[in-house]
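Protein sequence lines, in the order shown, are assigned to chains A and B. According to this note's numbering, the first sequence holds residues -4 to 134 in order. According to this note's numbering, the second sequence holds residues 405 to 550 in order. Cβ coordinates follow ideal geometry from the N, Cα and C atoms, glycine included. Computed from a prediction, not measured in an experiment: that's the story for all the values here. Presented below is the structure to which this report refers.
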Amino acid sequence: MATTTANCTINSDLLQPNLNASKTSILMKGGTSSDGLEFMDMGYIEVATGTNFDLLNADNALNKDKANKVYISNESTDETYYVIITIDATVIGRLYAGDWMFIPWGAEDANADIEIQAYTGTNKITYAYFHENRTLTSA
Amino acid sequence: MATTATFNIFSEISPAFSGITKTMTLTKAGTLNDITETTGYSRRKLASTTPVDLITMANELVEPNDNTAAKVFIANVGSPSSGIDKTTHVTISIGDTSGTTQEVGRLYGGDWLMMPVTVVDDMDVVATPSTDDVVVLEYVMFFEEG
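Laid out in structure tokens, this is it:
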């Protein structure tokens, strides 16, 4: 089994005493405690303003309603730059320069693409998709 | 110290993948100023497959500033009696339990997420357990005052 471990550590002085939270998850296939995710895709792209693009397509039925995980990081350095992340026309939120997100992705139907649109300027984005399977298309 | 969130992932899936480590400082939208508001770290026990608003944007005591740089962290920490169950999940969605929602994905036992949110009214964070068994979610939201 390929083991994939994801950790998040949050520190904040907005609360007294300060918040120090840390969670670690071993990424498993949906509904199992013995079989880890076995596929991943990773990329780096520049997203120009003016168009809402599909970052990840939900057209792979093999990953429908599974335990997929998606990481997106805005590597831009100008703090006014941001991207809007959307799933099937519902805005999830904004990732400003330096921000990252890590979510499960249901990919519950072919419309549930993860979409990205850049604002202010061309944003630099790193993404990684951890999932259960992929169907290769014939050449 | 401000508010920081660090992501680490290591994987054996591909020998070519050396992992990712990334720290973000939570700031107000479009600035380098620290984010100033939080719901506080909360814990909620669910025991039904009925969808519930985990965070209701219209009910925050401090009115959030819509469409800015808010972030939500949620962890499925399992059941106090039986621990983490990887065979069950809680579906996290955005929307309103009395209207339409858009699924984000499934948090299986032990899983966590960190994502931006709009904090717009009725774009709530909705949790729907897959079974009637007890499951506990821990969560915190950071946002800007409107």
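For T429 of chain B, which residues of its own chain have a beta-carbon under 8 Å away from its beta-carbon, when the five flanking residues on both sides are left out? Hits under 8 Å: A406, T407, T408, D438.
Would P99 of chain A pass as a contact of N63 of chain A if the rule is Cβ separation under 8 Å? Yes, the pair counts as a contact, with Cβ atoms nearer than the cut-off.
Since K59 of chain A is in the beta strand (DSSP E), which residue starts that stretch and which ends it? Segment: none, K59 of chain A is in no beta strand (DSSP E) and carries neither H nor E.
By alpha-carbon positions, which one of A:G25, A:I82, A:I87, A:D83 ends up nearest to V494 of chain B? A:G25 is the residue among A:G25, A:I82, A:I87, A:D83 whose C-alpha sits nearest the C-alpha of V494 of chain B.
For the stretch 490 to 536 of chain B, which segments carrying the beta strand (DSSP E) assignment without a break, of at least 3 residues, lie completely within its bounds, in sequence order? Taking only runs of at least 3 residues, the beta strand (DSSP E) segments lying wholly in the stretch 490 to 536 of chain B are 493 to 499, 505 to 512, 516 to 520, 528 to 533.
So what does Y543 of chain B bridge to, in DSSP terms? DSSP, once it has assigned bridges, lists B:S446, B:I478 as partnering Y543 of chain B.
Quick check on DSSP: helix, strand or coil for N412 of chain B? In the structure shown, N412 of chain B sits in a strand (DSSP, three-state: E or B).
Rounded to the nearest angstrom, what separates I40 of chain A and P484 of chain B at their Cα positions? One Cα belongs to I40 of chain A, the other to P484 of chain B, and the distance between them is close to 43 Å.
Of the residues B:D526, B:G513, B:M519, B:L541, which one's Cα is nearest the Cα of S20 of chain A? Checking every option, the nearest Cα to that of S20 of chain A belongs to B:G513.
Ordered along the chain, which non-local residues of its own chain (more than five positions away) have a Cβ less than 7 Å from that of G101 of chain A? These residues qualify, in order along the chain: D60, A107.
Between N412 of chain B and chain A, is the shortest Cβ-Cβ distance under 8 Å, so that the two count as touching? At least one chain A Cβ lies under 8 Å of N412 of chain B.
Taking its Cβ as the centre, do 16 or more other Cβ atoms sit within 10 Å of T75 of chain A, making it buried, or is it exposed? Exposed.
Strictly under 8 Å for the Cβ-Cβ distance: is F48 of chain A near chain B by that measure? No, its Cβ sits nowhere closer than 8 Å to a Cβ of chain B.
Going by C-alpha distance, which of A:S68, A:T115, A:T44 is nearest T410 of chain B? Ranking the options by Cα distance to T410 of chain B, first place goes to A:S68.
Identify whether N2 of chain A lies in helix, strand or coil by the three-state DSSP scheme. Strand, per DSSP.
If we define contact as Cβ-Cβ less than 8 Å, is K18 of chain A a contact residue for chain B? Closer than 8 Å to some Cβ of chain B, the Cβ of K18 of chain A qualifies, so yes.
Against chain A, does S526 of chain B count as a neighbour if the rule is that its beta carbon must be under 8 Å from one of theirs? Note on residue identity: the sequence assigns Asp, not Ser, to residue 526 of chain B. Among the CB atoms of chain A, none fall inside 8 Å of the CB of D526 of chain B.
Please name the residue in A:I120, A:D83, A:A84 whose C-alpha comes closest to that of L90 of chain A. Distances from the alpha-carbon of L90 of chain A to those of A:I120, A:D83, A:A84 put A:I120 closest.
Going by DSSP, which residues form a beta bridge with Y77 of chain A? A:Y91, A:Y114.
Which same chain residues, not among the five before or five after I424 of chain B, have their C-beta less than 8 Å away from its C-beta? Closer than 8 Å at the Cβ level, and outside the excluded window around I424 of chain B, lie F411, N412, I413.
Nearest-angstrom beta carbon gap, V523 of chain B and M470 of chain B [assumed within contact, 8 Å]: It should be pointed out that residue 470 of chain B corresponds to Asp in this sequence rather than to Met. In this structure D470 of chain B touches V523 of chain B by the C-beta definition: roughly 6 Å separates them, less than 8 Å.
Name the DSSP bridge partner or partners of D49 of chain A? DSSP lists A:E110 as partners of D49 of chain A.
From this set, A:M(-4), A:A16, A:L10, which residue's C-alpha is nearest T4 of chain A's C-alpha? Put simply, of A:M(-4), A:A16, A:L10 the residue whose alpha carbon is nearest the alpha carbon of T4 of chain A is A:A16.
Counting pairs of Cβ atoms below 8 Å between the stretch 536 to 545 of chain B and the stretch 121 to 131 of chain A, do you hit three or more? Judged by Cβ distances under 8 Å, the stretch 536 to 545 of chain B makes no contact with the stretch 121 to 131 of chain A, as fewer than three pairs qualify.
Near-chain A residues of the stretch 500 to 518 of chain B - C-beta to any C-beta below 9 Å: Correct list: T504, T505, Q506, E507, V508, G509, R510, L511, Y512, G513, G514, D515, W516, L517, M518.
E416 of chain B touches chain A at which residues, Cβ-Cβ below 9 Å? By Cβ distance, chain A contributes M(-4), A(-3), T(-2), T(-1), G31.
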